[in-house]
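Okay, structure first, notes after.
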Amino acid sequence: QEKKIFTVQGPYPVIRSLLRARGWVERKLPGAGRPLCSACPPDEEEEEEEEQWDEDPDGIHDLMSCLVRDQEPYFIWTNRCGAVDCRLLRQDQVLNHYAQVGAFTTKEGLCLNLRNLPWVDQADPDTFFPRCYRLGAVDERQAFIEDFHLTAARSLLKLALESAGDVLTGMEQPLKSGKGPGEHAELGLGEGGQRRVPRSHIPHPMPSTAGPGPPLPPQLVEEALQVCEQHLGSLGHQDIDGDPPSPCMMGTDWDRFLRDYYRVAHEGAGLAPSGAQRERCRALLQRLAGRLPQLGMEGDRSVWILKPGAKSRGRGIVCVAQLEEVLRLAAPSVRAGEWVVQKYVERPLLIFGTKFDVRQWFLVTDWNPLTVWFYRKSYLRFCSQPFSLRHLDPARHLCNVSIQKQCGPARGRHPRLPPDQTWSCRQLQAYLAQVGRAGAWHQVMVPGMKAAVVGTLRSAQDLVRSRKGSFELYGADFVFGEDCQPWLLEINASPTMAPSSAVTGRLCASVQRDTLRVVIDRRDNPTCPTGAFELIYKE
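In this note's numbering, each residue's number is its place in the sequence shown (first place is 1) plus 12.
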């Protein structure tokens, strides 16, 4: 009569325990682990682990389940989107999924639908989502090739400035720190704790700016300047009333240019730009910085990350720094969503020289009107090896727990890095305060993540099948640039609740508890506490 019958499919002992504590009785499902609906196929990009039932040593929960076996559950929590056909549910039945969320929870869907954001929100996805292409679509494959060419040309301008010992003045800001000399060296700080944090770009040190053999001719820098000047003109719509200018270089020219660029970027070959060329490089990059939000994070090695379109937990992902290698790896693709390629964040915020990302939860309780809750707790996942663009192996660049489990700890790993490779966001805030960036989390990182989440949901809103009575918890993964700006990598449906460390054990239990506060307790008492969930958007 009180409609306190629930069904849970999947490894969610916390949900079961919390519902039972509220006086609910579980109706256990037959054929555990088998999808209940063929109309809604499982989303391949869900994260949750294999089916595991909690222990019931006294058999009391099995007995109670038998007593309600002929009753309909009123609260259904499953570990896959297609487990229940939501079209067959009554209005008073609550389900923890929506249909057709692949519009933003698959890499292909996110890549495709964020392009709609300027039409619905007047926002620019390039400010929070690294540019991305579906290699199986002919037009996008060509667009990626052109983007790779332009990125290489910009990178060569940066390398030309570095070869002369120049930095881009006017695009960096000093940051104070109270650390001692040893910590300054670890954080890349100069004497007195000054750090030049780029708004656009300060190149990474190269192995050698005067590598084997004589420097490459100034003509290479001249070609890069011409390409970038033409691109800047197109960004400024200078050719809007006339025919587009002829390309500076054609296919074979680009092949030669890329070979020379690879020699400089990856082999340490030298450049010898003239003084006039250096001035043009500096001025041009300054102007491009105002047009290209991703100029700073894209670095100077043109590294891209190649991802299978619909897999999770880092499976099949590789980092690649040569165009020919990207196209070779993606050659077997026959479907548009088989592979996506995305610009890699070459200048991430590092902690003790190591890359990390943040798993950030958010909850949608309605799509019409769109209602979004942001969780104020999150956790970091560290790589097991120090960050290096000279080595593109997963241990240094992919923070997924399932990937890092396969990688051994690095020799000489910094002693202050956690052995289990996870931190809470509170530990991150404490670290930022120690290095003189105490306000970064609340002033830059969190607002940026909130804007990215809301923008992404708005771009896909018309594609998701809305249903009153449903809700869904998602896990977004972010990395941060050296300026602490967040970059959205992906959004996961059914984010894992399996604890991999003491930090995740505590936080995963916390987010499940607070989710039930929002979706169950708040229905009867709109003023009840919602834990760490904050309502950030409601149309």
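We put the CB at the ideal spot given by N, CA and C, even for glycine. Since we're looking at a predicted model, the values are computed, not measured.
State yes or no: is the C-beta of residue i within less than 7 Å of the C-beta of residue j?
i: G365; j: P406; result: no
i: A521; j: V26; result: yes
i: A172; j: L244; result: no
i: R292; j: L237; result: yes
i: T542; j: R529; result: yes
i: K16; j: V352; result: no
i: A505; j: T117; result: yes
i: Y549; j: V384; result: yes
i: Y110; j: E484; result: yes
i: G481; j: V106; result: yes
i: V370; j: L341; result: no
i: V233; j: P305; result: no
i: S512; j: C437; result: no
i: G387; j: F490; result: In the sequence as displayed, the identity of residue 387 is Tyr instead of Gly. No, they are not a contact pair.
i: R39; j: S77; result: yes
i: S314; j: T139; result: no
i: A281; j: L228; result: yes
Do you know how far the Cα of residue j is from the Cα of residue i?
i: L169; j: G114; result: 39 Å
i: L401; j: E358; result: 7 Å
i: L410; j: A288; result: 41 Å
i: L501; j: E241; result: 30 Å
i: V515; j: H249; result: 50 Å
i: L122; j: L469; result: 10 Å
i: K367; j: G460; result: 19 Å
i: E62; j: A277; result: At E62, the pLDDT of 44 sits below 50, so the modelled position is not reliable and the matter cannot be decided from this model.
i: R271; j: C260; result: 17 Å
i: C496; j: R99; result: 43 Å
i: K355; j: R143; result: 6 Å
i: A463; j: A333; result: 30 Å
i: S167; j: G311; result: 7 Å
i: R534; j: T527; result: 10 Å
i: R268; j: R294; result: 24 Å
i: L129; j: G22; result: 34 Å
i: V531; j: N380; result: 16 Å
i: V466; j: P226; result: 52 Å
i: L300; j: I157; result: 20 Å
i: I503; j: C331; result: 20 Å
i: L335; j: T508; result: 34 Å
Indicate the three-state DSSP secondary structure (helix, strand or coil) for residue i in the structure shown.
i: N504; result: strand
i: L547; result: strand
i: D484; result: It is Glu, not Asp, that sits at residue 484 in the sequence shown. E484: strand per DSSP, three-state reduction.
i: V132; result: helix
i: V26; result: helix
i: L361; result: coil
i: E350; result: coil
i: E291; result: helix
i: V78; result: Val is not the amino acid found at residue 78; the sequence shown has Cys there. Three-state DSSP puts C78 in a helix.
i: V523; result: helix
i: E241; result: helix
i: E184; result: With a pLDDT of only 43 at E184, under 50, the local geometry of the prediction cannot be trusted, and the value read off the model is given with reservation. If DSSP states are grouped into helix, strand and coil, E184 belongs with the strands.
i: F141; result: coil
i: A33; result: helix
i: F116; result: helix
i: D97; result: coil
i: L307; result: coil
i: L318; result: strand
i: V476; result: coil
Count the other CB atoms, across all protein chains shown, that sit within 10 Å of the CB of residue i; report buried if there are 16 or more and exposed otherwise.
i: E152; result: buried
i: R92; result: buried
i: Q83; result: exposed
i: R477; result: exposed
i: C395; result: buried
i: V132; result: exposed
i: Q455; result: exposed
i: P498; result: buried
i: P53; result: Confidence is the limiting factor: at P53 the pLDDT is only 44, short of 50, which leaves the residue's position unreliable, though a coordinate-based value still follows. Classification of P53: exposed, given that the 10 Å Cβ count is below 16.
i: K343; result: The amino acid at residue 343 is misidentified as Lys; the sequence shows Ala. Burial call: exposed.
Along the beta strand (DSSP E) that carries residue i, what are the first and last residues, could you check?
i: P459; result: Not the beta strand (DSSP E): P459 falls in the alpha helix (DSSP H), residues V458 to A472.
i: D369; result: F368 to W379
i: I88; result: F87 to T90
i: L429; result: First-last for L429: undefined, no H or E at that position.
i: F386; result: L382 to F394
i: V20; result: I17 to Q21
i: K119; result: Here K119 belongs to no beta strand (DSSP E); instead the alpha helix (DSSP H) covers K119 to N125.
Give a single yes or no on whether residue i has its beta carbon closer than 6 Å to a heavy atom of the ligand ZN.
i: L401; result: By its list of ligands, the structure shown contains no ligand whatsoever, and the ligand ZN lies outside what it can speak to.
In terms of residues, what are the limits of the alpha helix (DSSP H) holding residue i?
i: Q446; result: C437 to Q446
i: P406; result: P406 to H409
i: S167; result: V150 to S175
Using beta carbons (cut-off 7 Å, strictly below), is residue i in contact with chain C?
i: A472; result: The question asks about chain C, but that chain is absent: this structure has only one protein chain.
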